[in-house]
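**Student:**
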C-alpha cells in the first residue's frame, strides 16, 4: 500500500531532485486506527527529521487507508527511498 501510493512516490521524487540524486532511505512510523485511517505519522530517520521530505511523507501517509480491523490501534513502520 505504501510503496504504490502516488503521494509517497511524489515525496521521494521531489527529494531526489532537491538532493541532486543523493537520496537515501527514510523510515516512517505511523499509527493505524481500527477504522483503517492513519492517526499519526512521522519520519524516524534522523537525516530527514524536520525536512521537507518529513513533512511531505507525513502528509502523504495520512492519505493511505488500510482495511478496517478489530482491536487496538497498531503502530507500523515502513522504509522507502533509494538504498
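Residue numbers (our numbering): 2 to 84.
Built from N, CA and C at the ideal position, the CB exists for glycine as well.
Keep in mind the model is a prediction, meaning the values are calculated, not measured.
#1: Just to confirm my understanding: we take residue 36, look at its own chain, exclude 5 residues before and 5 after, and list those with CB closer than 8 Å. What are they?
#2: Return yes when the Cβ of residue 12 is within less than 7 Å of the Cβ of residue 61, no when it is not.
#3: Let me make sure I understand the geometry here. Which of 30, 59, 21 has the alpha-carbon closest to that of residue 75?
#4: Assign residue 13 to one of three DSSP states: helix, strand, or coil.
#5: Within its chain, find whatever has a CB closer than 6 Å to the CB of residue 55; leave out the 5 residues flanking it on each side and keep chain order.
**Tutor:** This is what the structure holds:
#1: Counting from one through the chain shown, the residue named residue 36 turns up at place 35. Cβ within range, chain order: 69.
#2: Locating residue 61 in the chain shown gives position 60, where the first residue counts as 1. Locating residue 12 in the chain shown gives position 11, where the first residue counts as 1. The criterion of a C-beta distance shorter than 7 Å is satisfied by residue 61 and residue 12.
#3: Position 74 of the chain shown, counting from 1, holds the residue named residue 75. When each option's Cα is compared against that of residue 75, the closest is 30.
#4: Start at 1 with the first residue of the chain shown, and residue 13 comes out as number 12. DSSP, reduced to helix, strand and coil, places residue 13 within a helical segment of the structure shown.
#5: Along the chain shown, one-based indexing puts residue 55 at 54. Once the five neighbours on either side are set aside, the close Cβ partners of residue 55 are 44, 49.
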